[in-house]
Each structure stands twice: as C-alpha cells, then as structure tokens.
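*Asks:* Pasting a structure here, questions to come.
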Amino acid sequence: MAYAGQTLENPVSGERITFRKTAADTDGEVLAFDLELSPDGNVPGMHVHPIQEERFEVVKGTMRFRMRGRKVIAKAGDVVVVPPGARHKFQNGGDEEAHVRVEVRPALRMEQLFETSVDLAVEGRTNSKGMPKPLDLALFVHEFKDEVRGPFAPGWLQRMTLAPLAWIARKRGRGARYAPRPATA
36 MAYAGQTLEN
46 PVSGERITFR
56 KTAADTDGEV
66 LAFDLELSPD
76 GNVPGMHVHP
86 IQEERFEVVK
96 GTMRFRMRGR
106 KVIAKAGDVV
116 VVPPGARHKF
126 QNGGDEEAHV
136 RVEVRPALRM
146 EQLFETSVDL
156 AVEGRTNSKG
166 MPKPLDLALF
176 VHEFKDEVRG
186 PFAPGWLQRM
196 TLAPLAWIAR
206 KRGRGARYAP
216 RPATA
C-alpha cells in the first residue's frame with residue numbers, strides 16, 4: 036500500500052515518483068506526487084485517462100507535452116492541465132533533470148498502476164521505452180482500465196483485442212500480481 040513519502044524509481048523510463056498525498060490520505064479525491072524525470076526520461080507512450088484530470092506544475096527544468104495534437108513546452112512556474120479523456124504524453128524537454136508537482140483527480144488506483152509499472156521495469160518485462168511487453172500489457176490494460184487506456188481505439192475494443200493475450204498470460208502465471216490481495220488489519 037502506497038504511503039506519503041514513498042519513492043518509486045523506474046530504471047527504464049527515468050521517472051522518480053515520490054508520493055506527497057495518497058488516495059488513502061484524501062479519501063480518494065487526489066493523488067499528489069513529485070515527479071523527477073532524468074534528461075532522457077519520458078512516460079511510455081501516448082495515453083488517455085478516461086475520467087481523471089492531471090495537473091502538472093513545473094518546479095525545475097523543462098517539460099515537453101504533446102496534448103490533443105499540440106506541442107506544449109513548460110518551464111519552471113508553468114502549469115499544464117490535462118483534462119479527462121485528452122490524448123497526451125510527456126517527457127523531459129531539456130538537458131537537466133526536471134522536477135514536476137503532479138496532481139491526479141480522482142486518485143482511483145494510480146498508485147498501484149505506478150507500482151506495477153516500476154515492478155515490470157525492474158523485472159525486465161518492459162520494452163526499452165518502459166511499455167509493458169505484450170503479455171503483461173494485456174493484463175495491465177485490463178487491470179487499470181479506469182485509470183489509463185491507449186489513445187485511439189475505445190477501451191472496450193482494446194481489452195477485447197488483448198483478451199487472448201491476457202488469457203495466455205494468466206495461463207503462464209503472470210496474473211498473480213493482479214490477484215485480489217487480502218485485507219490487512
């Protein structure tokens with residue numbers, strides 16, 4: 036379970052995420068975290084958050100966003116808001132580490148999504164850009180359907196197309212990370 040002050044480091048994407056306020060801290064209203072992105076760092080691929088808004092406040096460095104077909108360059112002091120359903124991707128846009136304060140509303144299960152992404156990268160189960168490999172991607176897309184999806188086809192179509200791969204992944208034991216976890220007291 037995520038907690039304020041916890042730091043996750045993705046060795047593939049160059050992301051370092053430090054949770055400031057978790058879903059548990061805010062009754063699910065918001066997830067707030069600091070994102071530090073190495074000079075060559077990026078978030079894997081264009082994506083959409085169907086019902087969440089993301090707010091990025093650049094504290095240090097330069098960020099490059101691609102949102103709804105437009106390029107946005109943001110420097111220290113700039114704020115970029117990505118509304119729910121907007122296609123977007125982002126990366127470090129400069130030669131030094133970028134530091135960004137991020138808020139995601141509502142929080143949903145973004146903490147678990149980040150933890151899973153980092154675990155897959157550490158285990159070598161992503162491509163060189165940090166995207167889960169096909170079998171893991173099929174499970175990931177199903178598990179985090181409320182949090183994220185690909186930018187073009189409807190979510191239901193993406194899940195339906197990936198369902199055979201998800202079945203194979205489960206048969207090979209890859210679904211264990213997504214099994215319901217027992218409640219802790």
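Take the sequence shown: its position 26, counting from 1, is numbered 61 in our numbering, and each next residue is one higher. The beta carbon of each residue, even a glycine, is placed where N, CA and C say it ideally should be.
1) Quick check: Phe-100 and Val-107, are their CB atoms within less than 9 Å of each other?
2) Leaving out five residues on either side along the sequence, give the residues of the same chain with a beta carbon under 7 Å from the beta carbon of Leu-167.
3) Thinking just about the alpha-carbon of each residue, which of Arg-105, Leu-72 and Glu-182 is nearest to the one in Val-47?
4) Could you have a look at Pro-167 and say whether DSSP puts it in helix, strand or coil?
5) Nearest-angstrom Cα distance between Asn-45 and Arg-51?
6) DSSP three-state label for Lys-95, please.
7) So for Val-143, helix, strand or coil by DSSP?
8) If I measure Cβ to Cβ from Gly-128 and keep anything under 7 Å in the same chain, skipping five residues before and after, which residues do I get?
9) Check for me: the beta strand (DSSP E) holding Arg-18 runs from which residue to which?
*Replies:* Per the coordinate set shown:
1) Mapped onto the sequence shown, residue 100 falls at position 65. Mapped onto the sequence shown, residue 107 falls at position 72. Taking 9 Å as the Cβ cut-off, Phe-100 and Val-107 qualify as a contacting pair.
2) Along the sequence shown, read from residue 1 onward, the residue named residue 167 stands at position 132. Strictly speaking, residue 167 in this sequence is Pro, with Leu absent from that position. Counting only Cβ-Cβ distances below 7 Å, and skipping sequence neighbours, we find Leu-155, Arg-160, Thr-161 and Phe-175.
3) Here the question's residue 47 lines up with position 12 in the sequence shown. With distances taken between Cα atoms, Val-47 lies closest to Leu-72.
4) Here residue 167 corresponds to residue number 132 of the sequence shown, with the count starting at 1. Three-state DSSP puts Pro-167 in a strand.
5) As a first step, residue 45 must be located in the sequence shown, where it is residue number 10. As a first step, residue 51 must be located in the sequence shown, where it is residue number 16. Answer to the nearest angstrom: the Cα atoms are 6 Å apart.
6) Translated into positions along the sequence shown, residue 95 becomes position 60. Lys-95: strand per DSSP, three-state reduction.
7) Mapped onto the sequence shown, residue 143 falls at position 108. At residue 143 the sequence reads Leu, which differs from the Val that was named. Leu-143 falls in the coil class under three-state DSSP.
8) Looking up residue 128 in the sequence shown gives position 93. Around Gly-128: Thr-97, Met-98, Arg-99 and Ile-108.
9) Because the chain spans 36 through 220 in this model, residue 18 falls outside it and cannot be assessed.
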